[in-house]
Ligand SMILES: Nc1ncnc2c1ncn2[C@@H]1O[C@H](COP(=O)(O)OP(=O)(O)OP(=O)(O)O)[C@@H](O)[C@H]1O
Ligand SMILES: [Mg+2]
């Protein structure tokens, strides 16, 4: 599904140039559950953003589903993104002014799903995440675990082929964290490819494979059985 | 402590450069506009306040009614009225008669010096009004026949006086205008203040009029209403009570309509209202429109108000940003009072900086503004004695101080009342009330702005309508020349005919005519026209005395009968018998058609006139006034205005040729000419000023309101950066985001449109009623104004919105 070769990313500020990704190559197949680990600042989030087409690389190639997307413009990337990829962030990133239902509904609005269909799909996914009873609440009224479940609901409502999760349990206690991991495992078992950044060896054990990064380069790949 | 306040305030302003800039820019523009407008307003409101007796001085207004209809609303009245009032009522302590002479040439030692403005007045005027004598007879300079008083400037101009030795000209003899007898200068008075309704260079004694000119009707008469009257009441006397007695006065002296042919209604108009509130005819003093003055004052207050609202809105909108600072300060021991003083200091510094810039701007734009209002104003006019003493000046200071206070106090109050624990836990969110207030203020700003846009559109259209309307007279390429003052009266008509004939010889002159009055000026009225079918009923008509060529020169249309022919002109007024009416006049006299009027007799004060022709109605005055029934008499007179219709591409050369002829026929006279279309359009001067002021200061208001909107949208996008990022990650397009950010503001603007429409309609409908001929307010103006304001708002907001929408979402999400 994903094949990157010699991927490079630099950040230039006034004083220094940071090499966030240094000729990184890797591959993720359809249906895989991959965890990315590494010390703080090694480039994990950068990699995830590029994989999610939120950011563009400074060099190298990125083939998504057989299409070279490294040179895609903003519009094409946005289009590819909204139909194929769902995001889960450490800090949930729910919109405070919208209810649970409305937050989850957003991606469907942007992909032009008709309103009756939207209601059905949102309810379906809220049900699956077991937060149906909270549909009319605002994010501030929910616990961290509940908020992350809403965020996951929002990430999957469009039935993406790939979910990118950046430290999804980082702001949660261990029981809420485990719940989220189980949800992701379920989704993976139903066929969704998942790439997850984490600092937790415990969480990483839910994955099939761990990619360890150091200074923007792959160090080891562990296969989990 | 103050030092600490100032230091922190200064740092805060510096840290939030964009917001500070928006605030200072808006405030300084608003204040500059305010300063300029207030100078003008204060000057206009200061008229005649310099007179020590101002509160007790009045002008007599005389309304005349015929058949129950108002036929004249005039400042002119009968010469006997003033003295009769004084004799009849003890509260009248003084009265003065005034007749205007206009531009008068003064001859001193064979040197003719033109253009001095003269009024002919009773000596009592000098003790009623404050025109202090600096040299000569201090108490009765105008008591005797053939005496006159000069202002200092006129004395310098005529006698070449250097320094202040005005005594040297007292007792000198001069000749006024065409006089054959000399006039003695008995005193010199101080120059007339600019804010006096009377503007003149010399005063001639009223006795001269009666005795030297033999104008007996000017003395004590109830038949000729051609004189202006001023009355002084006892201090404390109530003029309204006095006005109530005027019906009995009229009955006593005029016996219904028996004496003058019309029912006379008198009332006193306070001196201090004359300048701004005179809608009367035959004005001979300086008037201005109160609509313009009060309208501009309101606009000025709105502009500065909009700027202060910007400050309040931005300060409170950003309250959440500063909540943390307030929390920390409170936790470390600051009291609420200290915090309020802190925020007030900030507001004070911003206002002070803005005021400094505003003064600089006002001084820079003073010349432009002076051209606009056609005045010589300076910042001194802000502190001029005027309405209610120094009411406006004091008002200005009060408004500025309160403005600073309110705009500083409200945000200070909001900010200082945060609960520190909540704030430090990050639980601060804008209060509902604050948001509603902010929305209300934005709606208010835009509603005012939209009223101003609609106003300038409608005023502009009305002025355009008036200047494009067919007048019925063609003023194109017509020059008007003042009739000669100096010539021998017995040769007047032959000389005038010969002069016109020779002017017409010029190849680029199409036609030339003389008339008592030209289009655009106030013609005389005759109140004694009989109804042909019912001789006891009398009517009033306008009249004009014209040469044969008048009707063709102005391209007026004869709808029946013929024009005057040379045989209609006879020397003696008593022998004149042919007249031409306009269509309105034939209707007034009850003729079924213009044709039916031909050959009929019009009886006027026992003289009989045969109607030989009928012309189509034409506008004599501006479109503010209705066309009145008018009759034309075949009359040549030496003082008549000369109208020359040219057909030339080189007017300068043609006018030079006309001048040569004029000087040949009327040596010793000043050739003074004007293009009639320009002079005619000067009637719209006040309306044009109204329109321009609406437009220009409306533009200011829009700009300042947009600055505020820019600030608010800047802030709200800042606040929503993260949300925008999330939405983009979820697939929102740039236009989705722009729409999202603009939607809320546009809603406010739409509410403003809804509010502004009826207000604007009401004000402008009212304004248009002053015009006899006016446009109807069409719906599309409101739509246009609405669309324009939405476009302005949208453009302002989208600056920010587009920027925010195109930012890479990774950046905004990283800031966690
Ligand atoms: N917008 C940016 N500008 C400048 N430098 C950046 C930017 N984003 C990331 N970096 C730098 O790039 C490097 C990689 O950052 P990245 O966020 O990918 O790290 P990470 O592995 O996700 O770290 P963490 O585990 O702390 O989230 C870091 O050195 C970081 O400082
Ligand atoms: Mg990271």
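Protein chains in written order, with the working numbering: chain Z, 2 to 226; chain H, 35 to 850. Think of the CB as a built atom: it goes at the ideal place given N, C-alpha and C, for glycine as much as any other residue.
What are the start and end residues of the alpha helix (DSSP H) that includes residue i?
i: residue 68 of chain H; result: 51-79
i: residue 831 of chain H; result: 813-840
i: residue 150 of chain Z; result: 145-157
Counting only beta-carbon separations shorter than 8 Å, does residue i have a partner in chain Z?
i: residue 67 of chain H; result: no
i: residue 761 of chain H; result: yes
i: residue 847 of chain H; result: yes
i: residue 757 of chain H; result: yes
i: residue 753 of chain H; result: no
i: residue 850 of chain H; result: In this prediction, residue 850 of chain H has a pLDDT of 44, which is less than 50 and means its spatial position is unreliable; what the coordinates show is noted afterwards. Judged by the 8 Å Cβ criterion, residue 850 of chain H is in contact with chain Z.
In whole angstroms, give me the CA-to-CA distance for residue i and residue j.
i: residue 165 of chain H; j: residue 47 of chain H; result: 54 Å
i: residue 517 of chain H; j: residue 230 of chain H; result: 29 Å
i: residue 449 of chain H; j: residue 357 of chain H; result: 7 Å
i: residue 738 of chain H; j: residue 404 of chain H; result: 23 Å
i: residue 206 of chain Z; j: residue 44 of chain Z; result: 21 Å
i: residue 154 of chain H; j: residue 643 of chain H; result: 35 Å
i: residue 850 of chain H; j: residue 346 of chain H; result: Unreliable placement is indicated for residue 850 of chain H, whose pLDDT of 44 sits below 50; the coordinate value is still reported in the next sentence. When rounded, the distance between both Cα atoms is 30 Å.
i: residue 606 of chain H; j: residue 256 of chain H; result: 26 Å
i: residue 207 of chain H; j: residue 701 of chain H; result: 23 Å
i: residue 685 of chain H; j: residue 535 of chain H; result: 19 Å
i: residue 598 of chain H; j: residue 579 of chain H; result: 11 Å
i: residue 556 of chain H; j: residue 171 of chain H; result: 37 Å
i: residue 278 of chain H; j: residue 672 of chain H; result: 44 Å
i: residue 263 of chain H; j: residue 244 of chain H; result: 16 Å
i: residue 830 of chain H; j: residue 837 of chain H; result: 12 Å
i: residue 150 of chain H; j: residue 191 of chain H; result: 9 Å
i: residue 222 of chain Z; j: residue 772 of chain H; result: 44 Å
i: residue 851 of chain H; j: residue 93 of chain H; result: Residue numbering for chain H in the displayed model covers 35 to 850; residue 851 of chain H lies beyond these limits and cannot be assessed.
i: residue 224 of chain Z; j: residue 89 of chain Z; result: 24 Å
i: residue 65 of chain H; j: residue 392 of chain H; result: 6 Å
i: residue 478 of chain H; j: residue 748 of chain H; result: 20 Å
i: residue 38 of chain Z; j: residue 129 of chain Z; result: 29 Å
i: residue 283 of chain H; j: residue 662 of chain H; result: 30 Å
Does chain H have any CB closer than 8 Å to the CB of residue i?
i: residue 20 of chain Z; result: no
i: residue 73 of chain Z; result: no
i: residue 166 of chain Z; result: no
i: residue 83 of chain Z; result: yes
i: residue 34 of chain Z; result: no
i: residue 205 of chain Z; result: no
i: residue 79 of chain Z; result: yes
i: residue 9 of chain Z; result: no
Give the range of the beta strand (DSSP E) segment to which residue i is assigned.
i: residue 150 of chain H; result: 145-155
i: residue 20 of chain Z; result: 18-29
i: residue 266 of chain H; result: 259-267
i: residue 107 of chain H; result: 103-108
May I ask you to check if the CB of residue i is nearer than 7 Å to at least one heavy atom of ligand 4?
i: residue 167 of chain Z; result: This structure simply doesn't include ligand 4; it includes ligand 1 and ligand 2 instead.
Which chain A residues are close to residue i, counting only those with a beta carbon under 7 Å from its beta carbon?
i: residue 50 of chain Z; result: The structure shown contains no chain A; the protein chains it does contain are Z and H.
Item to check | Exercise answer, beta-carbon shell around ligand 1 heavy atoms below 5 Å | outcome: Z:12, Z:19, Z:21, Z:41, Z:42, Z:43, Z:44, Z:45, Z:46 and Z:47
Checklist entry - Between the stretch 93-116 of chain Z and chain H, which residues of the former have CB atoms less than 7 Å from a CB of the latter, in chain order? => result 94, 96, 107, 108, 111 and 112
Checklist entry - For the stretch 53-64 of chain Z, which residues have a beta carbon sitting closer than 7 Å to at least one beta carbon of chain H? => result 55 and 56
Checklist entry - Listed from N- to C-terminal order along the chain, which residues in the stretch 763-797 of chain H have their beta-carbon within a distance smaller than 8 Å of any beta-carbon of chain Z? => result 763, 764, 765, 766, 767 and 770
Next on the checklist: Beta carbons nearer than 9 Å to chain Z: which residues of the stretch 810-842 of chain H have them?
Outcome noted: 840 and 842
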